[in-house]
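Have a look at the structure below before the remarks.
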Amino acid sequence: MGSNSLTLAPAPRSAAAEEVRAEVRAFLAAELAAGSFSTHVDTWLSGVDPAFSRKLGERGWLGMTWPKQYGGHERTAMERYAVTEELLAAGAPVAAHWIADRQSGPNLLRYGTEAQRQEILPLIAAGECYFVIGMSEPDSGSDLASIRTRATRNGDGDWVVNGAKVWTSNAHHSHYAITLVRTAPADPANRHAGLSQLLVDLSLPGITVNPIRILDGGHHFNEVVFTDVVIPGDMLLGEEGAGWHQVTAELAFERSGPERFLSTYPLIAEFARRAAEDRDPAQLATLGRLSARLLALRQLSLRIAGALDRGELPDIPAALVKDVGTTFEADVIDEVRRVVDVPASLDSPDPLGRALAEAQLHAPGYTLRGGTNEILRGIVARGLGLR
Amino acid sequence: MSSSDVDLVVETVRDVLTKFEPFVLTAERPWDAGLWSTLAEAGLTGVGLPEQAGGSGGELADAVAVVGALAAGAAAVPVAEQLLVAAPAVLAAGLDLPSPDEPLSIAVDGAVTAEPRDDGDGPGSWTLTGTATDVAWAGVAQHLAVLATSPVGPVLALVDVTGRETTHAANLAGEPRGSLVLQGVTAAGALLSDAQAEQLRARYALARAVQLSAALQQVLTWTVQYAGERQQFGRPLGRFQAIQMELAEMAGEVTAVAALVDAAVQAVERGESLVLAAAAAKVRAGAAVEVVARLAHQVHGAIGFTQEHRLHHLTRRCWSWRDEAGTETAWARVLGAGLLADGPDALWPALTRVL
Numbered sequence: 001m002g003s004n005s006l007t008l009a010p011a012p013r014s015a016a017a018e019e020v021r022a023e024v025r026a027f028l029a030a031e032l033a034a035g036s037f038s039t040h041v042d043t044w045l046s047g048v049d050p051a052f053s054r055k056l057g058e059r060g061w062l063g064m065t066w067p068k069q070y071g072g073h074e075r076t077a078m079e080r081y082a083v084t085e086e087l088l089a090a091g092a093p094v095a096a097h098w099i100a101d102r103q104s105g106p107n108l109l110r111y112g113t114e115a116q117r118q119e120i121l122p123l124i125a126a127g128e129c130y131f132v133i134g135m136s137e138p139d140s141g142s143d144l145a146s147i148r149t150r151a152t153r154n155g156d157g158d159w160v161v162n163g164a165k166v167w168t169s170n171a172h173h174s175h176y177a178i179t180l181v182r183t184a185p186a187d188p189a190n191r192h193a194g195l196s197q198l199l200v201d202l203s204l205p206g207i208t209v210n211p212i213r214i215l216d217g218g219h220h221f222n223e224v225v226f227t228d229v230v231i232p233g234d235m236l237l238g239e240e241g242a243g244w245h246q247v248t249a250e251l252a253f254e255r256s257g258p259e260r261f262l263s264t265y266p267l268i269a270e271f272a273r274r275a276a277e278d279r280d281p282a283q284l285a286t287l288g289r290l291s292a293r294l295l296a297l298r299q300l301s302l303r304i305a306g307a308l309d310r311g312e313l314p315d316i317p318a319a320l321v322k323d324v325g326t327t328f329e330a331d332v333i334d335e336v337r338r339v340v341d342v343p344a345s346l347d348s349p350d351p352l353g354r355a356l357a358e359a360q361l362h363a364p365g366y367t368l369r370g371g372t373n374e375i376l377r378g379i380v381a382r383g384l385g386l387r
Numbered sequence: 001m002s003s004s005d006v007d008l009v010v011e012t013v014r015d016v017l018t019k020f021e022p023f024v025l026t027a028e029r030p031w032d033a034g035l036w037s038t039l040a041e042a043g044l045t046g047v048g049l050p051e052q053a054g055g056s057g058g059e060l061a062d063a064v065a066v067v068g069a070l071a072a073g074a075a076a077v078p079v080a081e082q083l084l085v086a087a088p089a090v091l092a093a094g095l096d097l098p099s100p101d102e103p104l105s106i107a108v109d110g111a112v113t114a115e116p117r118d119d120g121d122g123p124g125s126w127t128l129t130g131t132a133t134d135v136a137w138a139g140v141a142q143h144l145a146v147l148a149t150s151p152v153g154p155v156l157a158l159v160d161v162t163g164r165e166t167t168h169a170a171n172l173a174g175e176p177r178g179s180l181v182l183q184g185v186t187a188a189g190a191l192l193s194d195a196q197a198e199q200l201r202a203r204y205a206l207a208r209a210v211q212l213s214a215a216l217q218q219v220l221t222w223t224v225q226y227a228g229e230r231q232q233f234g235r236p237l238g239r240f241q242a243i244q245m246e247l248a249e250m251a252g253e254v255t256a257v258a259a260l261v262d263a264a265v266q267a268v269e270r271g272e273s274l275v276l277a278a279a280a281a282k283v284r285a286g287a288a289v290e291v292v293a294r295l296a297h298q299v300h301g302a303i304g305f306t307q308e309h310r311l312h313h314l315t316r317r318c319w320s321w322r323d324e325a326g327t328e329t330a331w332a333r334v335l336g337a338g339l340l341a342d343g344p345d346a347l348w349p350a351l352t353r354v355l
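Protein chains in written order, with our numbering: chain Z, 1 to 387; chain U, 1 to 355.
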């Protein structure tokens, strides 16, 4: 029917996923009861808590799909989906390990050297090693091919890196940055050539991490500046010049998960308490409409998990899910506002007012991070055969 | 049931549809009787219904495929009502199914009361009194499965309405949605539980969601095709980034609806409780109509706003279907309230149980 490249097969039912879901749910209830964390919106970027990440690692809920020889647990993407979804719905502090578990680990598994895999993957799976995404630059946002951070070989065969990366969430808590660099001069005829990925140890001399505050004053963004940073030659990830291809593969992981529609779920949960109390028909209808959208997004995201289990790399469907999902995350705020009389304030005595405030102040990011929705729609348009 | 069987069914329906173009429905010509005869001859009006009951056999997935293909073709025949709602309900109630060649529809609105004419549980004879309103294909259907109320609970009654007078009314696409007055009509019927009556309404809503999903997909396909053909400023519309953004937004909506509706249909196949899944599918499909129909017309320009162009056959149907078999808002309230049944702190477990 014309748009098959956008459509994935329905996700299979997974009893194992439901089993681990119940385990995670019980764990989270106990942690909440013990006061080990409190629920917030957008915690997969803002909720850094290494102790919590280690607890997840101890329970086998990080590196879930990776081979056991690298500290993984050889479980399915469907099981991993259930775990991540439960953590997000609870608004748990998962930001420390999120990027490493979601995309850096799979990237290392695919392109890392055996030594890198043996050294780093078990640490990620234990919740002890964190990664930051080194893609965007001060002058390269959506136009990733225009990056200018350069890596050149020195006489010892090592890389010397100069440049800067921005929007590097939680670089100040992270151990490594998988960094997209230019290893050959820009070629106007082939903009995607000459790019490579380097595995950069953030403790190396010449690296400075400068904080950038977001709208609520929170600090997860940074600028990471590289000044003559010498990086061992064997830290090239994958092939020299294949960076664009590798980044595209990485983005399929980055764009497809439930964090692309559940960032504001804690606001929905808070709104549900109001709707249950007021029994106002308009509020119930709003809860129903939001839930219907969320349920559709779950099905889309589950289909992607199913495709990952089949060994596919569904980059176009992932772009579509992220577009629809992040639009939803922001719409939650507007829809709730229309049916409650609660001003948004971080200092509100009403938890719904606080949730609205948190969600609102984080909202501009939902449809920007991981590829703007305009870029995503361009990818979807390609899937429709329009470009 | 393999996907190739479903593909074959869809191909067969599409073949038939090449000979029956959609037309503007009027009170004088409210349905496509010729198409119905052809479908009935091919056994397509009995798909998914057991052979021992006079059906053509096959699974729910086959019936859904037939309904989807007909919806995408803007076919003016009561197949969704018959295959997905009325016939399964009649069979589940233990009533005798009329021949699938004779159009059977469903009436769940209005005020019809049923008085038992004999004693005992199970299928029996009832006297129906009242008015059935918003009846899909009123005046076209020969048989009507009527959801009535009785002193002892909901009743599903099967009424032969051939030649019975109807008050004509139509939806935005001209599909008949009139009312029938029943005065002391004797009919076979069976008592339902409240839950069974709720399931019946939910199945009706899901049937409309299946139609919407297929129609929205077709609207997207037409719009992408048009954007590729229509030249302005020396290039196809689809080359303009502004148009690409609109088409991508449509695709996102269409894909989300399909994923949810497919999952809801699969839940029915597994025999799971249907009400919240159907409510979600109906609400989500209805919400997509806002975006998809608006942008489809925007991209098609003025020609799409005329009866000369095919687009209206589907957009007018979509605008109506989203509020039929229970309005989008009513189902949204059902879903919202249903998800809170175990208290607001159990919202998330409730959501993950729906589908």
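We put the CB at the ideal spot given by N, CA and C, even for glycine. Quantities reported herein were computed from a predicted structural model and do not represent experimental measurements.
Let me check one thing: in DSSP terms, what residues is residue i bridge-paired to?
i: Z:F221; result: Z:I212
i: U:G189; result: U:G124, U:A157
i: Z:Y176; result: Z:F131, Z:D201
i: Z:R182; result: Z:R150, Z:L195
i: U:S105; result: U:L144
i: U:P236; result: U:Q231
How close, in whole Å, do the beta carbons of residue i and residue j come, if the pair is a contact with beta carbons under 8 Å?
i: Z:Q69; j: Z:F253; result: Contact doesn't hold; Cβ gap of about 21 Å is too wide.
i: U:G260; j: U:A278; result: What sits at residue 260 of chain U in the sequence shown is Leu, not Gly. Not a contact, Cβ separation roughly 10 Å.
i: Z:V181; j: Z:G206; result: The pair is not a contact, with the Cβ atoms about 14 Å apart (cut-off 8 Å).
i: Z:E329; j: Z:S263; result: 5 Å
i: Z:A177; j: Z:G238; result: About 15 Å; that fails the 8 Å criterion.
i: Z:L72; j: Z:L121; result: For clarity, residue 72 of chain Z is Gly in the given sequence; the question names Leu instead. So it is a contact: roughly 7 Å between Cβ atoms.
i: Z:L6; j: Z:V324; result: With 8 Å as the limit, Z:L6 and Z:V324 do not qualify as a contact, their Cβ atoms being about 11 Å apart.
Locate the alpha helix (DSSP H) running through residue i, then write down its first and last residues.
i: U:Q217; result: 194 to 229
i: U:E31; result: A quick correction: the sequence has Trp, not Glu, at residue 31 of chain U. No alpha helix (DSSP H) contains U:W31, which DSSP labels as neither H nor E.
i: Z:N373; result: 373 to 383
i: Z:R303; result: 281 to 309
i: Z:L45; result: 43 to 46
i: Z:F52; result: 50 to 58
i: Z:P122; result: 114 to 125
i: Z:R274; result: 265 to 278
i: U:E165; result: From DSSP, U:E165 is part of no alpha helix (DSSP H); its letter is neither H nor E.
Looking at the unbroken beta strand (DSSP E) that takes in residue i, where does it start and where does it end?
i: U:D109; result: 109 to 116
i: Z:R153; result: 150 to 153
i: U:V85; result: Unbroken run through U:V85: none, as it is neither H nor E.
i: Z:V160; result: 159 to 166
i: U:H143; result: 143 to 150
Between residue i and the rest of its own chain, which residues show a CB-CB distance below 8 Å, the 5 nearest in sequence each way excluded?
i: U:L91; result: L49, P50, A53, L97
i: U:V339; result: Per the sequence presented here, residue 339 of chain U reads as Leu, with Val not at that position. Correct list, in chain order: L276, L347, A350, L351, V354.
i: Z:A11; result: M78, Q299, L302, R303, A305, G306
Closer than 6 Å by C-beta to residue i: which residues in its own chain qualify, once you throw out the five before and the five after it? Chain order, please.
i: Z:I283; result: The question names Ile, but residue 283 of chain Z is Gln in the sequence shown. Hits under 6 Å: A275, V339.
i: U:A93; result: L156, A190
i: Z:V209; result: A171, H172, N222, V224
i: Z:L56; result: L62, G127
i: Z:M1; result: The predicted position of Z:M1 is uncertain, since its pLDDT is 33 and thus under 50; a value taken from the coordinates is nonetheless stated next. Once the five neighbours on either side are set aside, Z:M1 has no close Cβ partner at all.
i: U:T306; result: none
i: U:V289; result: C318, R322
i: U:V254; result: L216, Q217, L220
What residues in its chain sit with their C-beta under 7 Å from that of residue i, if we drop five residues either side in the sequence?
i: Z:E86; result: R21, V24, R25, L28
i: U:Q298; result: E246
i: Z:D234; result: T113
Name the residues in the stretch 249 to 281 of chain Z whose C-beta lies less than 7 Å from a C-beta of chain U; which are they? A269, A272, R273, A275, A276, P281
Using a beta-carbon distance cut-off of less than 8 Å, what residues from the stretch 281 to 293 of chain Z approach chain U? P281, Q283, L284, A285, T286, L287, G288, R289, S291, A292, R293
Using a Cβ-Cβ cut-off of less than 7 Å, list which residues of the stretch 41 to 54 of chain Z approach chain U; keep chain order. none
Taking only beta carbons into account, state which residues of the stretch 231 to 248 of chain U come closer than 7 Å to chain Z, listed in chain order. G238, Q244, M245, L247, A248
Give, in chain order, every residue of the stretch 198 to 221 of chain U whose Cβ lies closer than 8 Å to some Cβ of chain Z. Q217, Q218, L220, T221
Where the stretch 322 to 339 of chain U meets chain Z: residues whose CB sits under 9 Å from a CB there: E328, T329, A330, W331, A332, R333, V334, L335, G336, A337, G338, L339
Which residues, in chain order, does the stretch 259 to 276 of chain U contribute to contact with chain Z at a C-beta distance below 7 Å? A259, L260, D262, A263, Q266
Against chain U: residues of the stretch 317 to 329 of chain Z by CB proximity under 7 Å: L320, D323, V324
Residues of the stretch 58 to 75 of chain Z whose Cβ lies closer than 8 Å to any Cβ of chain U, in chain order: none
For the stretch 95 to 119 of chain Z, list every residue whose C-beta sits within 7 Å of some C-beta in chain U, in sequence order. none
Mind checking the stretch 280 to 292 of chain U against chain Z and listing, in chain order, the residues whose C-beta falls within less than 7 Å of any C-beta there? A280, V283, R284, A287
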